[in-house]
Amino acid sequence: MRRFVYQFKPIIAPEPIVRFETPLGQQMQIDFTTIRRSKQKLKAFVATLGYSRACYVKFFDNERASTWQQGLKEAFDYFGGVLQQVLCDNAKALIVKRDAYAKGEHKLHVEMLQMSKNYSFKLTACQPYRAKTKDKVERFNHYLKNSFIVPFKAELRAQNLELDVEIANAKIGPWLQRKWGVGKNVLLK
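Taking UniProt numbering, the leading residue of the sequence shown gets 1, the next gets one more, and so forth.
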């Protein structure tokens, strides 16, 4: 019976996915992804360029405002410049209160506000629970965990070593270079 009824059911084609592309030098997406939640936390600050998808990664043991700032400064240095817009999530270290002044006008953490003025970029928060807004960095987070962290942890385990911030930071640069040929000053490429 089910097969008989199925033939009369209209086939609905899924909506096509429209890729959101940004011009060269316009946008960078930033995020922290948690690698390990044990006593010794391991978190990765990830910055992805909107145009080229080039990535910068730095490992930390926390997500404080000062850590976000350090990650941003090093990403700007790595990419060879500052982009017009930095798209971020709604972490308390970045966004103190959403829509504090008006719809879309958020209250930024004091240090982040000062940094955005000093470096002349606009810090933009994506909509809560809307990961597709900063999909480029979110996709790379998944790739980082599966293609760098998992094999590297296995390699370290074979040597009776444990992954920590120092070891991860020592290996991530060469891995990025090997995978994509991405090096410093890639902003204009």
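From the three backbone atoms N, C-alpha and C, an ideal C-beta is built for every residue, glycine too.
Out of the options, which one is the CA nearest neighbour of residue i?
i, options, result
"GLU111", "PRO14, ALA93, GLN84, TYR51", "ALA93"
"LYS122", "GLN27, VAL137, LYS41", "GLN27"
"VAL46", "HIS142, ILE167, GLN40, GLU166", "HIS142"
"LEU144", "PRO10, ASP31, THR22", "ASP31"
"ALA75", "ALA91, TYR119, LYS103", "TYR119"
"LEU72", "ASN90, THR48, ARG53, ILE95", "THR48"
"PHE79", "LYS117, GLN29, LYS103", "GLN29"
"ARG139", "ASP77, LEU42, GLY50", "GLY50"
"LYS43", "GLY25, ARG64, PRO23", "ARG64"
Among all the DSSP beta bridges, which residues are the ones paired with residue i?
i, result
"ILE30", "ALA47"
Do you know offhand how far residue i's Cα is from residue j's?
i, j, result
"ARG3", "GLU15", "26 Å"
"ILE172", "THR67", "18 Å"
"LYS58", "TYR101", "33 Å"
"LYS189", "ALA158", "Residue confidence is low: LYS189 scores 48 on pLDDT, short of 50, so the model does not pin down where it sits. Its coordinate-derived value is still stated next. Spanning the two alpha carbons is a distance of roughly 39 Å."
"TRP180", "MET1", "53 Å"
"PHE8", "THR133", "37 Å"
"CYS55", "GLU162", "25 Å"
"PHE148", "CYS126", "27 Å"
"GLN70", "VAL150", "26 Å"
"GLU155", "PHE60", "21 Å"
"LYS136", "CYS88", "12 Å"
"TYR6", "ALA13", "16 Å"
"LEU108", "THR124", "10 Å"
"GLN52", "GLN177", "Residue identity differs from the one stated: residue 52 is Ser in this sequence, not Gln. If I take the Cα positions, the gap works out to 15 Å."
"GLU166", "PRO10", "57 Å"
"SER116", "ARG130", "23 Å"
"ALA170", "LEU24", "29 Å"
"ALA91", "LYS41", "17 Å"
"ASP99", "ASN62", "26 Å"
"LYS103", "GLN114", "21 Å"
List in chain order: all unbroken beta strand (DSSP E) runs of 3+ residues lying wholly within the UniProt domain "Integrase catalytic" (19-148).
Here the runs fully enclosed are 27-36, 42-49, 55-60, 85-88, 95-102, 105-108, 122-125.
Would the segment 83-91 count as touching the segment 36-45 if we require 3 or more Cβ pairs under 8 Å?
Cβ pair count under 8 Å is below three, so no.
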